[in-house]
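Position one of the sequence shown corresponds to residue 1 (UniProt numbering), numbered consecutively onward.
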Amino acid sequence: MPVDYVPGLDEIVKLHRGKNLHFSSDIDKAIDEAEMIFISVNTPTKNWGLGKGRATDLTNLEAAARRIAKVSRQPKVIVEKSTVPVKAAETTSTILQFEAKSRRNISSLTITTNNNDNKLNEFVVLSNPEFLAEGTAVNDLCNPDRILIGGDSHSSSGKLAIEMLRWIYLHWVPAERILITSTWSSELSKLAANAFLAQRISSINAISAICEQTNADIKEVSKAIGTDHRIGPYFLNASLGFGGSCFRKDILSLMYISETLNLPEVASYWYSVLQMNNYQINRFTRNVIEKLHNTLKGKRIAIFGFTFKADTYDTRRGFVEILEI
């Protein structure tokens, strides 16, 4: 069984492999020959040190940056795809520039855009967060709501890097859907987007608890709320709460950022979203046990659907968590 299942991905790989899609185990050679490198590494929540349990662990991102700087003979455009806290691109850039200066043998890179030759004299880091959802990743990539490119549009190198990445996306994304922002705004937008989606799930689940005590129908309430054009119908289905690896991790990161900026009220607000999610899971568990006369001894419980959502093999923070409770 593959690590994950992405509907439609196999067909795309078969169509393009050996043409404009190539795989290699020689990482250093691939890095050295590339003009633009996308970094998409795991950025989990820290399980040790300062910020343990809340802050984002950037070990993998920093390691990737050091390796790129170590083997590159020319500057590159580095595209940050991983979900990271604000100013992560600044950290990556610092590592790249420091390593490059220590080597003293990196030449400029000539890049042709619009039939003009341009020289890239330094590593440039862009933020280009992915807004793909597990289970619909291929469709989300082919038909994105927006493409976000964060970079320094005030420097010549930054402008060149932004234009290079924008040119790639213009092959299938309408220009009006490509948003150019500062690097920091781009990084924060990814965290904020996931936090807002999680917030909606926790909000409707809070209403569902009231419905159960008053005999109101949560489906009717959800429909009534969702028909308001200011709210919309998405993410308004009451459930066991949000699972997977992203929402919780990104809210924890947002909490930690708020704490480090001395914004305790903001951190507390986002913490309440997680509290409601935990409450919903525990409430469901209690309801099941009560229906089984307060004991699981000798009982068989069937679970239909083991992953945290459809069309994925991802079981992180899914029904396994409920079984542990």
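Built from N, CA and C at the ideal position, the CB exists for glycine as well.
Quantities reported herein were computed from a predicted structural model and do not represent experimental measurements.
Sort the options by Cα distance to residue i and report the nearest one.
i    : options                   : result
A30  : R73, R146 and K46         : R73
E130 : S182, D228, L252 and S186 : S186
V124 : G232, N277 and I162       : I162
T181 : L126, A206 and F235       : L126
T260 : H293, A69, A63 and L50    : L50
P174 : D145, N205 and A137       : D145
I257 : L188, F38 and S82         : L188
D140 : G8, F304, I37 and R283    : G8
N205 : S222, Y5, A238 and C246   : A238
N121 : A302, Q97 and Y169        : Q97
V41  : R166, T56, N47 and E35    : T56
I37  : N47, Y5, P75 and I210     : P75
Quick check on the burial criterion: 16 or more other C-beta atoms within 10 angstroms. Buried or exposed for residue i?
i    : result
T43  : buried
L296 : exposed
K14  : exposed
I27  : exposed
P85  : buried
R286 : exposed
G150 : buried
F242 : buried
N294 : exposed
Secondary structure at residue i, three-state DSSP: helix, strand or coil?
i    : result
M1   : The predicted model places M1 with a pLDDT of 36, which falls under 50 and marks its position as unreliable, so this point remains unresolved.
R286 : helix
T83  : coil
S245 : coil
N278 : helix
R166 : helix
L50  : coil
R146 : coil
How is the alpha helix (DSSP H) around residue i delimited, first residue to last?
i           : result
S153        : Segment: none, S153 is in no alpha helix (DSSP H) and carries neither H nor E.
T45         : No alpha helix (DSSP H) contains T45, which DSSP labels as neither H nor E.
residue 327 : Nothing in the structure corresponds to residue 327, since the chain is present only between 1 and 325.
R67         : T59 to V71
H171        : Per DSSP, H171 belongs to no alpha helix (DSSP H) and is neither H nor E.
Quick one: what's residue i bridged to in DSSP?
i    : result
M36  : V77
T295 : None, per the DSSP bridge assignment.
R230 : Per DSSP, none; premise fails for R230.
In the DSSP assignment, find the beta strand (DSSP E) that holds residue i and state where it starts and stops.
i    : result
S127 : V124 to S127
I180 : I178 to T181
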